[in-house]
Amino acid sequence: MSRRARFAILAGLLVSLVGCDQASKHYATRNLQHTMGQPITYCGDVFQIHYARNEGAFLSLFANLPAPVRFWLLTVMNGLILGGLGVFLIVRRDLDRLTFWALALVLAGGIGNLIDRAFLGGVVIDFMVVDFSWTGIHWLRTGVFNVADMGITAGFLMLLPQLFRSEPKTGVSAQAG
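With positions in the sequence shown counted from 1, the corresponding number in the numbering used here is that position plus 579.
Okay, structure coming up:
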C-alpha cells in the first residue's frame with residue numbers, strides 16, 4: 580500500500596470511528612446519566628445501558644492513582660504512544676493489511692478515549708455492558724465500555740493470531756534445516 584493510500588484509509592477510519600465514539604458519548608452524557616444507578620436493559624438483560632465516568636483505563640485500572648499521576652500516565656503518555664503509532668502506520672511500508680487495519684482500529688479507539696481524557700478532566704465516558712450470564716456462566720459480563728473500546732478490542736483481537744504465528748526461517752539456519 581502506498582503512503583497516500585495508508586494515510587487516506589487511516590484518516591477515513593479515524594474520522595468515522597472517532598466521530599461515532601464522540602457522538603455516542605455526547606448522547607450518553609446528555610440523555611443517559613440517570614442510568615448510573617438503574618441500567619436500562621434490552622434482550623432479556625443481555626445488553627445494558629449503564630452510564631459511567633471512568634477515571635482509570637481498561638476496567639478502571641489505575642483509577643485509584645493520584646490525579647496528577649493518572650494525567651501523566653493516561654493522558655500524556657497515552658498521547659505520545661498514540662502519536663508514535665500514527666506515524667508508524669503512515670511510515671511503515673511492510674505492514675500487511677490485517678496488521679495495518681488492526682493497529683488503525685487501536686489508534687482510532689485510543690484517540691476517541693484520549694479526547695475524553697483531555698477535555699473531561701481525565702475521565703472517559705462509558706455506557707454499554709454485555710451480560711453473558713445467559714450462557715450458564717453467571718459471572719461472565721463485560722465491564723462498562725464505549726464505541727472507542729470496541730475499536731480497541733477489535734484491533735487487539737485481530738492482532739492475536741499474529742502472536743501465535745510462526746515466522747519463516749531465513750538465512751543460513753533455514754538453508755541448513
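Built from N, CA and C at the ideal position, the CB exists for glycine as well. Computed from a predicted model, the values in this text were never measured in an experiment.
Would residue i be called buried (16 or more neighbouring beta carbons within 10 Å of its own) or exposed?
i: alanine 753; result: Reliability of the predicted coordinates at alanine 753 is poor, the pLDDT of 49 falling under 50, and no value is obtained from them.
i: leucine 653; result: buried
i: arginine 609; result: exposed
i: alanine 602; result: exposed
i: arginine 649; result: buried
i: valine 666; result: exposed
i: isoleucine 619; result: exposed
Expressed to the nearest angstrom, what Euclidean distance is found between the alpha-carbon atoms of residue i and residue j?
i: threonine 721; j: leucine 593; result: 25 Å
i: leucine 661; j: threonine 732; result: 15 Å
i: alanine 646; j: valine 723; result: 21 Å
i: leucine 738; j: valine 670; result: 19 Å
i: glycine 598; j: arginine 696; result: 16 Å
i: histidine 717; j: phenylalanine 711; result: 7 Å
i: glycine 616; j: aspartate 675; result: 45 Å
i: arginine 583; j: valine 726; result: 27 Å
Using a threshold of 6 Å, is the CB atom of residue i nearer than that to any non-hydrogen atom of the ligand SAH?
i: leucine 596; result: The model on display carries no ligand, and the ligand SAH is accordingly not part of it.
Grouping DSSP H, G and I as helix and E and B as strand, with all else coil, what is residue i?
i: leucine 626; result: Note on identity: in this sequence residue 626 is phenylalanine, with leucine being the wrong assignment. The answer is strand: DSSP assigns phenylalanine 626 an E or B state.
i: asparagine 657; result: helix
i: alanine 646; result: helix
i: arginine 632; result: strand
i: alanine 753; result: With a pLDDT of 49 at alanine 753, under the threshold of 50, the modelled position of that residue is not reliable, and no figure is offered here.
List, from N- to C-terminal side, the beta strand (DSSP E) runs of 3 residues or more that fit wholly inside the region 681 to 738. Correct list: 703 to 709.
Could I get the ranges of all uninterrupted alpha helix (DSSP H) runs contained in the region 585 to 614, with 4 residues as the minimum, in chain order? Within the region 585 to 614, no complete alpha helix (DSSP H) run reaches 4 residues.
Using a Cβ distance threshold of 8 Å, determine whether the region 704 to 713 contacts the region 615 to 631, with at least three qualifying pairs required. Touching, yes.
Is there contact here, the region 581 to 597 with the region 666 to 684, by at least three beta-carbon pairs under 8 Å? Touching, per the Cβ criterion.
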